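**Student:** The sequence shown begins at 220 in the working numbering and counts up one residue at a time. Beta carbons: idealized from backbone N, C-alpha and C, even for Gly. Note that the structure is a prediction, hence the values are computed from the model and not measured.
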Amino acid sequence: MFRTMRSHALSLIVVLVLSPLAALALGWGAWWYAESMTRNRIDSSRSMHRIRSPLHGEQAGSVTSVPAMSARALFSAYCAQCHGETGDGQGTQVLDRPARSFKDGGFSFGNTRDAIFRTISSGIGGTPMPGYADSLSVEERTALAAYVQTLGPPTLDVSTEDMVLQVGQVPVVVRGHLPSLGEGLPEHPRGLLLGGTDGLTTEYRVDDVRLLAVRQGRFVERTDWTGRGGTPLKPLGPVIHLVGGGDPPATFELEAGLEARLLGTTTRDGRASVLYGLGDDEHLVRVEEWTEAFTHPAGPGYVRHFDIQHLDEDRMPTFRLPGSDQRIIDRIDGPGRTWIVREGGDGRIEIHGFDPASATLTARGSEEGDLRLQLPRGTEATLSIVTLLPASWDESARELLRTGESP
């Protein structure tokens, strides 16, 4: 009788003490069980296939290497409990949320081998999916990623020409990851390409809208059509002008810390434009910018047009002329345009022209200093900036600009 009462008392104490922990145990119990089941299966599956590396201080010859597990065996040991032997998400382990079905294309971060490799290596935070960087070698993770990729839907088999976008009778706008424009220059995961019917392609960053480069020729190859990995775009036309060395300062200045916020793009009237805003929502200056080819006897080039709306006379932005990193070697006042001639460190000549009736030159620093244009007072303004890229600079070219012999 006494033993029975003591047994009941102990049971009651155990319940009272452990009940608050029960909810917590249920929360991570499924994850622990999945992990332990995986480890147990791994240990048994790999006992005869372990690839060992020499320990610190051991000689390389003291460890015997044995054949690695096949990719399919790796999947069976590491993945099948949750994702199923066929990758259909119907594994033997019951989880709070079903595992992803690879057969249905359920890849968390894209179905490229690189994306799958990263997921296998690092896991997925907040889920039962662990990382295996410490458990599997690079070769094993690479093989496993390739195998997992085969479990997904068939990838689209397209030729290189099928992935090339062409500009026909109407402009084309493409968003995507832009590769670096050169050594030491950043990539731009949020990029924009505007293909014009005149054969020019303008390349923008859109996190803080700025023109990076102007290209001429073929438009772009989209390798990301064959997967969901976010591979960079491949602009095809050669660069004819690298604006600001490929990492230009802001086009407009209004106040410290101002960013040009992308509002969208549009194709109309035969042109492709980028739309962006300057300032806060209450006092948002709206800018439409587009580019077209321009020819002049002094050299070929292009012209950037700006249509600026909702200006506030108390907060007027200034425009920074391109080439602030280059030395000014001449200024020419021709009919209808003022021309600023600059020479880069590589000896290349850039000529920038503007209509003095549309903006006033307000600041000029040293020979390598900035030039700024102040817009006229009002609620709207238009501005056109011509950039010429001559092969050379001499007195005859200067005379062509001075006399205004333009088309």
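1. Need the endpoints of the alpha helix (DSSP H) that residue 341 sits in, please.
2. Write down every uninterrupted run of the beta strand (DSSP E) in the segment 454–488 whose length is 3 residues or greater and which is fully enclosed by it, in chain order.
3. So, at 7 Å on beta carbons, what are the nonlocal neighbours of residue 385 in its own chain, with the 5 sequence-adjacent residues on each side left out?
4. What residue range does the beta strand (DSSP E) around residue 507 cover?
5. Find the nearest neighbour of residue 426 within the set 440, 480, 382, 580, judged by alpha-carbon distance.
6. Count the other CB atoms within 10 Å of the CB of residue 339; is the residue buried (16 or more) or exposed (fewer)?
7. What's the call for residue 428, buried or exposed, on a 16-neighbour Cβ count within 10 Å?
8. Residue 354 by DSSP, collapsed to three states: which one?
9. According to DSSP, what are the bridge partners of residue 527?
10. Near residue 348, what residues of its chain come up, given a Cβ to Cβ distance below 6 Å and the 5 sequence neighbours on each side ignored?
11. Figure out for me which residue from 563, 565, 569, 558 has the closest Cα to the Cα of residue 575.
12. Counting only runs that start and end within the segment 355–443, where is the beta strand (DSSP E) found for 3 or more residues in a row?
13. Apart from the five residues on each side of it in sequence, which residues of its chain come closer than 6 Å, Cβ to Cβ, to residue 612?
14. Considering only their Cβ atoms, is the gap separating residue 591 from residue 478 smaller than 9 Å?
15. In angstroms, rounded to a whole number, what distance separates the CA positions of residue 352 and residue 360?
16. What residue does the beta strand (DSSP E) around residue 296 start on, and which one ends it?
17. Which residue from 461, 494, 400, 506 puts its Cα closest to that of residue 451?
18. Should residue 372 go down as buried or exposed, given a rule of 16 or more other Cβ atoms within 10 Å for buried?
19. Using CA atoms only, rank isn't needed, just tell me which of 307, 506, 388, 367 is closest to residue 332.
20. Rounded to a whole number of angstroms, what is the C-alpha to C-alpha distance between residue 507 and residue 539?
21. Cβ atoms of residue 607 and residue 520: under 9 Å apart, would you say?
22. What residue range is occupied by the uninterrupted beta strand (DSSP E) comprising residue 490?
23. Measuring straight from C-alpha to C-alpha, what distance separates residue 337 and residue 394?
24. If contacts are defined as beta-carbon pairs under 8 Å, then residue 460 and residue 432 qualify, I think. What distance do you get, rounded to the angstrom?
25. Since residue 621 is in the alpha helix (DSSP H), which residue starts that stretch and which ends it?
26. Please state if the CB of residue 594 and the CB of residue 541 are separated by a distance shorter than 9 Å.
27. Tell me, please, whether the segment 499–514 touches the segment 403–419 by the rule of three or more beta-carbon pairs shorter than 8 Å.
28. With a CB to CB cut of under 7 Å and the five nearest residues on each side skipped, what residues in its chain are close to residue 562?
29. Using the C-alpha atoms, what's the distance from residue 288 back to residue 307?
30. Could you tell me the distance, in whole angstroms, from the CA atom of residue 518 to the CA atom of residue 619?
**Tutor:** According to the data block:
1. Along the sequence shown, read from residue 1 onward, the residue named residue 341 stands at position 122. It spans 332–341 - the alpha helix (DSSP H) in which residue 341 sits, taken as one unbroken run.
2. 458–461, 480–487
3. Residue 385 sits at position 166 when you count from the first residue of the sequence shown. Cβ within range, chain order: 438.
4. Here the question's residue 507 lines up with position 288 in the sequence shown. Counting along the chain, the beta strand (DSSP E) containing residue 507 begins and ends at 504–515.
5. Residue mapping note: residue 426 aligns to position 207 of the sequence shown, counting from 1. Closest by alpha carbon: 480.
6. Walking along the sequence shown from the start, residue 339 turns up at place 120. By the 10 Å Cβ count, residue 339 comes out buried.
7. Position 209 of the sequence shown holds residue 428. Classification of residue 428: buried, given that the 10 Å Cβ count is 16 or more.
8. Stepping through the sequence shown from its first residue, residue 354 is reached at position 135. If DSSP states are grouped into helix, strand and coil, residue 354 belongs with coil.
9. Sequence index remark: in the sequence shown, residue 527 carries index 308 (1-based). DSSP lists 506, 600 as partners of residue 527.
10. As a first step, residue 348 is located in the sequence shown; it is residue number 129 there, counting from the start. For residue 348, where only same-chain residues beyond five positions count, the Cβ hits under 6 Å are 342.
11. Stepping through the sequence shown from its first residue, residue 575 is reached at position 356. If we check each option's Cα against that of residue 575, 558 comes out closest.
12. 391–397, 407–414, 419–424, 429–435
13. Taking the sequence shown and counting its residues from 1, one reaches residue 612 at position 393. Contacts found: 568.
14. Here residue 478 is taken as the residue at index 259 of the sequence shown, counted from 1. Here residue 591 is taken as the residue at index 372 of the sequence shown, counted from 1. No, these two residues do not count as a Cβ contact at 9 Å.
15. Within the sequence shown, the letter at position 133 stands for residue 352. Within the sequence shown, the letter at position 141 stands for residue 360. C-alpha separation (whole angstroms): 8 Å.
16. In the sequence shown, the residue the question calls residue 296 occupies position 77. Segment 290–297 is the alpha helix (DSSP H) holding residue 296; no beta strand (DSSP E) there.
17. Here the question's residue 451 lines up with position 232 in the sequence shown. Answer by Cα proximity: 400.
18. As a first step, residue 372 must be located in the sequence shown, where it is residue number 153. Flag for residue 372 reads exposed.
19. By 1-based counting over the sequence shown, the position of residue 332 is 113. Ranking the options by Cα distance to residue 332, first place goes to 367.
20. Numbered from 1 along the sequence shown, position 288 holds the residue referred to as residue 507. Numbered from 1 along the sequence shown, position 320 holds the residue referred to as residue 539. Straight-line Cα distance between these residues: approximately 16 Å.
21. Indexing the sequence shown from 1 puts residue 520 at position 301. Indexing the sequence shown from 1 puts residue 607 at position 388. Going by C-beta atoms, residue 520 is nearer than 9 Å to residue 607.
22. The residue you call residue 490 lines up with position 271 of the sequence shown. Counting along the chain, the beta strand (DSSP E) containing residue 490 begins and ends at 490–497.
23. Within the sequence shown, numbered from 1, the residue matching residue 337 stands at position 118. Within the sequence shown, numbered from 1, the residue matching residue 394 stands at position 175. So the alpha carbons of these two residues sit roughly 25 Å apart.
24. Along the sequence shown, one-based indexing puts residue 460 at 241. Along the sequence shown, one-based indexing puts residue 432 at 213. Yes, residue 460 and residue 432 are in contact; Cβ-Cβ is about 7 Å, under 8 Å.
25. Translated into the one-based positions of the sequence shown, residue 621 becomes position 402. Counting along the chain, the alpha helix (DSSP H) containing residue 621 begins and ends at 614–622.
26. Here residue 541 is taken as the residue at index 322 of the sequence shown, counted from 1. Here residue 594 is taken as the residue at index 375 of the sequence shown, counted from 1. Cβ atoms of residue 541 and residue 594: not closer than 9 Å.
27. yes
28. The sequence position of residue 562 within the sequence shown is 343, counting from 1. Same-chain partners within the cutoff: 545, 546, 548, 568.
29. In the sequence shown, the residue the question calls residue 307 occupies position 88. In the sequence shown, the residue the question calls residue 288 occupies position 69. In a straight line, the C-alpha of residue 307 is about 22 Å away from that of residue 288.
30. Along the sequence shown, one-based indexing puts residue 518 at 299. Along the sequence shown, one-based indexing puts residue 619 at 400. Near 10 Å, if we compare the C-alpha coordinates of residue 619 and residue 518.
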